[in-house]
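Peer 1: In full-length UniProt numbering, the protein residues as written are 1 to 401.
The beta-carbon is built from N, C-alpha and C at its ideal position, and this holds for glycine as well.
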């Protein structure tokens, strides 16, 4: 096992001591994955980097056991808050007894000839960023069939059509960052029979959501769109207007914050009216001008001098992924090596985030402003008092005279 564990216990003695209070919960069998969850925290497998339990695993165990704990006067401990754990699309330990999971045991060596869990985790790392960019809805299914195939007597391969669909959706994104589709996953080596894993989503079906409004808002999705964009701003949308050439024009309020201005001319900043291409014929459920929210808008400048929208989404400061992505954008990102950037961000907690530094700064600024305002009010009262005093004095002098 790996020490210190995920709860920062440094010794076996401390692990046994702290785990003692959880043993009763394990015996009650409030959830079938309680042992898996506790083992991932108290006695994690010894690898180069820690592997956390998935957030869904934590939430499933919490939902099953929290009521039992409260019955005996115990609360779910704050040190194991579920929102600190990664989502299911990251490298993490998933729940085994969940209707959404197809199987609970994997086959080794896998279809890429990886012999150990350690090798699987190591080799799969470079694919995680591609998964979060959401270039195709079946990317996870395809990668799982290769890296963690279901444990059966004989291997079950992904269908050639599944491989080709994922390749068609993701190859352009990979080439944008200088990566080629690897030869070890050539699609022509896979079968296309009934005994293979078929694609679940047919992307050829018409989707009535505008491209700019369905871009992923994950950490990697935001960084990917940052690298594609020539300008990025934060602002409020005043109204939406349909143009004669079937575009939807975004009329913005005057106050805007520029995050990236590679293609944004200074003279265009005040009168910026970007448009969603073909917005008349598609929907954008992310925009709701009645709420008065701030939006993150990314896009490019055309040869004619107009500004298109390639990404639009609510300015969601509550999301850790969003906060850390904006922080990375402001620092500057090397888009020539985006895969390495995503890996480093993940390993250092960048895509998951540490928490509330940004909020503390905001509170601090508000505190300073409030102090200044209070001080000004006191000064005003003092001046009023002086004026009143002067007025009384003048009146007395006139009476005496």
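#1: Does the Cβ-Cβ distance between residue 128 and residue 45 come in under 9 Å?
#2: Please tell me whether, using a cut-off of 8 Å, the distance from the CB of residue 50 to the nearest non-hydrogen atom of the ligand HEM is below it.
#3: The beta strand (DSSP E) that contains residue 221, what's its start and end?
#4: Does the beta-carbon of residue 395 have 16 or more other beta-carbons within 10 angstroms, so that it is buried, or is it exposed?
#5: For residue 232, write down the residues that DSSP places opposite it in a beta bridge.
#6: Using the beta-carbon count (16 or more within 10 Å), is residue 31 buried or exposed?
#7: Return the chain-ordered list of same chain residues with a C-beta closer than 7 Å to the C-beta of residue 131, the five sequence neighbours on each side being excluded.
#8: Once you ignore the five residues that flank residue 152 on each side, which residues in its own chain have a CB closer than 8 Å to its CB?
#9: Given a cut-off of 9 Å on the beta-carbon distance, is the pair residue 91 and residue 40 in contact?
#10: Looking only at its chain, what residues have a beta carbon closer than 7 Å to the beta carbon of residue 359, apart from the 5 residues adjacent to it on each side?
#11: With a threshold of 6 Å on Cβ separation, who are the neighbours of residue 222 within its own chain once the five nearest residues in sequence on each side are excluded?
#12: Let me confirm a value: residue 298 is counted as buried when at least 16 other C-beta atoms fall within 10 Å, else exposed. Which label applies?
#13: Of the residues 166, 213, 173, 170, which one's Cα is nearest the Cα of residue 198?
#14: Using only the alpha-carbon positions, how far apart do residue 56 and residue 81 sit?
#15: Does the beta-carbon distance from residue 312 to residue 284 come in below 9 Å?
#16: Roughly how many whole angstroms lie between the Cα atoms of residue 270 and residue 254?
#17: Excluding the 5 residues preceding and the 5 following residue 210 in the sequence, name in chain order all residues of the same chain whose CB lies nearer than 6 Å to its CB.
#18: Do residue 331 and residue 289 count as a contact pair if the criterion is CB distance below 9 Å?
#19: Using 9 Å as the threshold, is the C-beta distance between residue 52 and residue 86 below it?
#20: Check residue 158 in the structure and name its three-state DSSP category.
#21: Taking all protein chains shown into account, decide if residue 134 is buried (16 or more other Cβ within 10 angstroms of its Cβ) or exposed.
#22: Determine the burial state of residue 274: buried for a count of at least 16 other Cβ atoms within 10 Å of its Cβ, exposed for fewer.
#23: So, at 8 Å on beta carbons, what are the nonlocal neighbours of residue 173 in its own chain, with the 5 sequence-adjacent residues on each side left out?
#24: In terms of residue numbering, what span does the beta strand (DSSP E) encompassing residue 45 cover?
#25: From residue 232 to residue 322, what does the alpha carbon distance come to, in whole angstroms?
#26: Who are the near neighbours of residue 292 in its chain, counting only those whose CB is closer than 8 Å to its CB and skipping five residues on each side?
#27: Could you tell me the boundaries of the alpha helix (DSSP H) in which residue 139 lies?
#28: Using only alpha-carbon positions, find the residue among 148, 256, 3 that is nearest to residue 42.
#29: Residue 307 lies in the beta strand (DSSP E); which residues open and close that run?
#30: Helix, strand or coil: which one does DSSP assign to residue 319?
#31: For residue 34, which of 60, 112, 14 has the nearest alpha-carbon?
#32: Given this structure, state the Cα-to-Cα distance separating residue 49 from residue 1, to the nearest angstrom.
#33: Determine the direct distance from the alpha carbon of residue 154 to that of residue 327, and round the result to whole angstroms.
#34: If you count every other CB in all the chains shown that lies within 10 Å of the CB of residue 17, and 16 or more means buried, which is it?
#35: Is it true that the CB of residue 286 sits closer than 9 Å to the CB of residue 213?
#36: Our contact map puts residue 95 next to residue 65 with C-beta atoms below 8 Å; I'd like the distance itself, whole angstroms only.
Peer 2: Let me spell this out:
#1: Here residue 128 refers to the residue found at position 128 when the chain shown is read from its first residue. Here residue 45 refers to the residue found at position 45 when the chain shown is read from its first residue. Against a cut-off of 9 Å, the Cβ pair of residue 45 and residue 128 comes out as no contact.
#2: The ligand HEM is absent from the structure shown, which contains no ligands of any kind.
#3: Against the chain shown, residue 221 aligns to sequence position 221. Careful: residue 221 lies outside any beta strand (DSSP E), inside the alpha helix (DSSP H) at 219 to 228.
#4: Indexing the chain shown from 1 puts residue 395 at position 395. Summary for residue 395: the model assigns pLDDT 47, below 50, so the residue's position carries little reliability; its value from the coordinates is reported in the next sentence. Counting the other Cβ atoms within 10 Å of the Cβ of residue 395 gives fewer than 16, which makes it exposed.
#5: Position 232 of the chain shown holds residue 232. According to DSSP, which records beta bridges pairwise, residue 232 is partnered with 260, 298.
#6: Position 31 of the chain shown, counted from the start, is the residue given in the question as residue 31. Buried, by the Cβ-count rule.
#7: Your numbering for residue 131 matches position 131 in the chain shown. For residue 131, where only same-chain residues beyond five positions count, the Cβ hits under 7 Å are 89, 139, 140, 143.
#8: The residue given as residue 152 occupies position 152 in the chain shown. 107, listed in sequence order.
#9: The count along the chain shown starts at 1 and reaches residue 91 at position 91. The count along the chain shown starts at 1 and reaches residue 40 at position 40. Their beta carbons are not under 9 Å apart, which means residue 91 does not touch residue 40 by this criterion.
#10: Your numbering for residue 359 matches position 359 in the chain shown. Residue confidence for residue 359 is low, a pLDDT of 44 falling below 50, so the modelled location carries little weight and cannot support an answer.
#11: Numbered from 1 along the chain shown, position 222 holds the residue referred to as residue 222. Excluding sequence neighbours, residue 222 sits near 325.
#12: What you label residue 298 is simply residue 298 of the chain shown in a count that begins at 1. It is buried - the Cβ of residue 298 has at least 16 other Cβ atoms within 10 Å.
#13: Here the question's residue 198 lines up with position 198 in the chain shown. Closest option to residue 198, Cα to Cα, is 166.
#14: As a first step, residue 56 must be located in the chain shown, where it is residue number 56. As a first step, residue 81 must be located in the chain shown, where it is residue number 81. If I take the Cα positions, the gap works out to 12 Å.
#15: As a working note, residue 312 is residue 312 in the chain shown. As a working note, residue 284 is residue 284 in the chain shown. It is a contact, given that the beta carbons lie within the stated cut-off.
#16: Numbered from 1 along the chain shown, position 270 holds the residue referred to as residue 270. Numbered from 1 along the chain shown, position 254 holds the residue referred to as residue 254. Whole-angstrom Cα-Cα distance: 6 Å.
#17: Reading the chain shown from its first residue, position 210 is the one you call residue 210. Answer for residue 210: 276, 279, 282, 284, listed in chain order.
#18: Working through the chain shown from its first residue, we reach residue 289 at position 289. Working through the chain shown from its first residue, we reach residue 331 at position 331. Taking 9 Å as the Cβ cut-off, residue 289 and residue 331 do not qualify as a contacting pair.
#19: For this step, residue 52 is matched to residue 52 along the chain shown. For this step, residue 86 is matched to residue 86 along the chain shown. Yes.
#20: Against the chain shown, residue 158 aligns to sequence position 158. It is a strand residue.
#21: Here residue 134 corresponds to residue number 134 of the chain shown, with the count starting at 1. The residue is buried, with at least 16 neighbouring Cβ atoms inside 10 Å.
#22: As a working mapping, residue 274 is identified with position 274 in the chain shown. By the neighbour-count rule (16 or more Cβ atoms within 10 Å), residue 274 is buried.
#23: Taking the first residue of the chain shown as 1, we reach residue 173 at position 173. Counting only Cβ-Cβ distances below 8 Å, and skipping sequence neighbours, we find 130, 133, 135, 224.
#24: Working through the chain shown from its first residue, we reach residue 45 at position 45. Looking at the DSSP string, residue 45 is not in any beta strand (DSSP E), and its letter there is neither H nor E.
#25: Here residue 232 corresponds to residue number 232 of the chain shown, with the count starting at 1. Here residue 322 corresponds to residue number 322 of the chain shown, with the count starting at 1. Their Cα atoms are separated by approximately 14 Å.
#26: Position 292 of the chain shown, counting from 1, holds the residue named residue 292. Counting only Cβ-Cβ distances below 8 Å, and skipping sequence neighbours, we find 236.
#27: Here residue 139 is taken as the residue at index 139 of the chain shown, counted from 1. Note, residue 139: alpha helix (DSSP H), 139 to 147.
#28: As a position in the chain shown, residue 42 is number 42, starting the count at 1. It is 3.
#29: The sequence position of residue 307 within the chain shown is 307, counting from 1. That run of the beta strand (DSSP E) goes 307 to 314.
#30: Locating residue 319 in the chain shown gives position 319, where the first residue counts as 1. Looking at residue 319 - three-state DSSP - the assignment turns out to be coil, as it is neither helix nor strand.
#31: Stepping through the chain shown from its first residue, residue 34 is reached at position 34. Checked all of 60, 112, 14; the closest Cα to residue 34 is 60.
#32: The residue labelled residue 49 in the question sits at position 49 within the chain shown. The residue labelled residue 1 in the question sits at position 1 within the chain shown. Each residue's alpha carbon lies about 12 Å from the other.
#33: Residue mapping note: residue 327 aligns to position 327 of the chain shown, counting from 1. Residue mapping note: residue 154 aligns to position 154 of the chain shown, counting from 1. Approximately 47 Å, taken between the alpha carbons.
#34: By 1-based counting over the chain shown, the position of residue 17 is 17. Answer is exposed; the Cβ neighbour count stays below 16.
#35: Counted from its first residue, the chain shown places residue 213 at position 213. Counted from its first residue, the chain shown places residue 286 at position 286. For residue 213 and residue 286, yes; Cβs fall inside 9 Å.
#36: Residue numbering aside, residue 95 sits at position 95 when the chain shown is read from its first letter. Residue numbering aside, residue 65 sits at position 65 when the chain shown is read from its first letter. Their Cβ separation, rounded to whole angstroms, is 13 Å, which puts residue 95 and residue 65 out of contact at 8 Å.
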